[in-house]
Amino acid sequence: MIGLDAVKKEIHRQVALLTVEKLRTEAGLKAPRMSRHLVFVGNPGTGKTTVARLVGGIYKALGLLPTGQLVEVDRSELVAGYVGQTAIKTAEVCAKAVGGVLFIDEAYSLAGDQYAQEAVNTLVKEMEDHRHDLVVIVAGYPDPMARFIAQNPGLASRFTTTIEFDDYDDDELMAILTSIASGSDYELSDEAEQRVRAMLQATPRGPAFGNGRFSRNLFEAAVGRHAWRLRDEKAPTVEQLRRLEAGDLVEIPETEPTAPVPGSAPDTLRDDPDGVGADDEARSDEHPHDDEGSA
Numbered sequence: 001m002i003g004l005d006a007v008k009k010e011i012h013r014q015v016a017l018l019t020v021e022k023l024r025t026e027a028g029l030k031a032p033r034m035s036r037h038l039v040f041v042g043n044p045g046t047g048k049t050t051v052a053r054l055v056g057g058i059y060k061a062l063g064l065l066p067t068g069q070l071v072e073v074d075r076s077e078l079v080a081g082y083v084g085q086t087a088i089k090t091a092e093v094c095a096k097a098v099g100g101v102l103f104i105d106e107a108y109s110l111a112g113d114q115y116a117q118e119a120v121n122t123l124v125k126e127m128e129d130h131r132h133d134l135v136v137i138v139a140g141y142p143d144p145m146a147r148f149i150a151q152n153p154g155l156a157s158r159f160t161t162t163i164e165f166d167d168y169d170d171d172e173l174m175a176i177l178t179s180i181a182s183g184s185d186y187e188l189s190d191e192a193e194q195r196v197r198a199m200l201q202a203t204p205r206g207p208a209f210g211n212g213r214f215s216r217n218l219f220e221a222a223v224g225r226h227a228w229r230l231r232d233e234k235a236p237t238v239e240q241l242r243r244l245e246a247g248d249l250v251e252i253p254e255t256e257p258t259a260p261v262p263g264s265a266p267d268t269l270r271d272d273p274d275g276v277g278a279d280d281e282a283r284s285d286e287h288p289h290d291d292e293g294s295a
């Protein structure tokens, strides 16, 4: 996984705590019960979904979770339109995640109305009922997530660890792009790499910047230009089929138009299909680099 050094360090710390807790229990020693649930905060495309999936796999390997699968949802998959239905809907989602990790994208959208509060109340109950075989990870922008957790005492006592995902720097975004290209049997010419670096330096950064998704979008746009460039070649060489040239790299929108930076007012706390984690049109299972540079 590219970058995310601070995140990796914190995940290793969590693993150490839970592993020793398990060993102490097996040895007949008293062990303080450590919360397994996590808060991931950061801008879109910084690897949150990818890391959530890794957490599930690591916890399974250590015997801390039975199956370790990742179930990724947002508000729309938890909240229904009528009183009483939300509790059923949320409980069904939690049931699918038992044994693994439930990842709630843009979790702060579960605020501001009675239906969302019903989802939160049900989630707290499910976390208590399945405290040994369910890990819940909530994710979103830092400030709205802090307010969301603080306003729900049942969550505040269970989500005691927050992991911050920093934006990728230019070198990391370049590495993500070349990794995506290599994984699809493409390579960038020296001139193409120089072009990418120039584009990265010229691209404004802000909360809506796509990070790893920016690199993927850049690659996919280049593949389209590459195909168009070779359209009249009757028998292109393998090198021509593999190599992306500087002319294949085109400017793409530097922000995610469907991912507004949320504010504190309830009407801005709505589910955001492109807000966090991997490529949300096709979920990160299909594109493992969307959120990394995939969550």
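Counting in full-length UniProt numbering, the sequence shown tops out at residue 295, every number present.
We put the beta carbon where it would ideally sit given N, CA and C, even for glycine.
Kindly identify the DSSP beta-bridge partner or partners of residue i.
i	result
valine 93	According to DSSP, which records beta bridges pairwise, valine 93 is partnered with nothing at all.
valine 238	Answer is none; valine 238 lacks a bridge partner.
glutamate 72	Phe103
isoleucine 176	DSSP output for isoleucine 176 lists no bridge partner at all.
arginine 140	The residue asked about is misnamed: residue 140 is glycine in this sequence, not arginine. Answer is Val41.
glutamate 26	For glutamate 26, which the question treats as bridged, DSSP gives no partner whatsoever.
glutamate 164	Val41
glutamate 187	Arg243
valine 135	Val101
Under the rule that 16 or more other beta-carbon atoms within 10 Å means buried, what is residue i, buried or exposed?
i	result
lysine 96	exposed
proline 44	buried
leucine 155	buried
proline 153	exposed
glutamate 233	exposed
residue 299	The structure shown does not extend to residue 299, since the chain spans only 1 to 295, so no value can be given for it.
lysine 30	exposed
leucine 62	exposed
arginine 24	exposed
glycine 28	exposed
threonine 160	exposed
alanine 87	buried
glycine 210	buried
residue 298	Beyond the ends of the chain as shown, which are 1 and 295, falls residue 298; an answer cannot be given.
arginine 231	exposed
glycine 140	buried
arginine 216	buried
Taking 8 Å as the threshold (C-beta atoms), are residue j and residue i in contact?
i	j	result
arginine 75	leucine 123	no
threonine 162	valine 51	no
leucine 188	alanine 181	yes
residue 298	leucine 200	Nothing can be reported for residue 298, as the shown portion of the chain is limited to 1 through 295.
aspartate 248	alanine 192	yes
leucine 17	methionine 34	yes
phenylalanine 148	tyrosine 108	yes
threonine 46	aspartate 167	yes
proline 204	valine 41	no
glycine 56	glycine 100	yes
valine 93	glutamate 77	yes
arginine 243	aspartate 185	no
valine 136	histidine 37	yes
residue 321	alanine 116	Past the boundaries of the shown model lies residue 321; the chain is included only from 1 to 295, so the question cannot be answered.
glutamate 72	threonine 90	no
threonine 138	methionine 145	In the sequence as presented, threonine is not what sits at residue 138; that position holds valine. For valine 138 and methionine 145, yes; Cβs fall inside 8 Å.
Excluding the 5 residues flanking residue i on each side, which residues of the same chain have their C-beta closer than 7 Å to its C-beta?
i	result
asparagine 58	Before going on, a small fix: residue 58 reads as isoleucine here, not asparagine. For isoleucine 58, where only same-chain residues beyond five positions count, the Cβ hits under 7 Å are Val15.
valine 98	His130, Asp133 and Leu134
leucine 65	Gly56, Tyr59, Gly99, Gly100, Asp133 and Val135
arginine 195	Ala246 and Leu249
At the 8 Å Cβ level, is residue i part of the contact set with chain C, yes or no?
i	result
asparagine 121	Protein chain content of the structure displayed is limited to a single chain, and chain C is not contained in it.
Which residues in the same chain as residue i place their Cβ atom closer than 8 Å to its Cβ, once the five residues preceding and following it in sequence are excluded?
i	result
lysine 8	Met1
arginine 225	Gly247, Asp248, Leu249 and Val250
proline 32	Glu21
alanine 198	none
glutamine 240	Leu230 and Glu233
Can you list, in chain order, the residues of its chain whose CB lies under 6 Å from that of residue i, leaving out five sequence neighbours each side?
i	result
lysine 22	none
alanine 222	Leu244, Asp248 and Leu249
serine 157	none
serine 264	Caution is warranted here: a pLDDT of 37 is assigned to serine 264, below 50, making its placement in the model unreliable, and the coordinate value is therefore given only provisionally. No residues qualify anywhere along the chain.
Give me the Cβ distance between residue i and residue j, rounded to the nearest whole Å; I'm assuming they're in contact under 8 Å.
i	j	result
phenylalanine 103	leucine 70	6 Å
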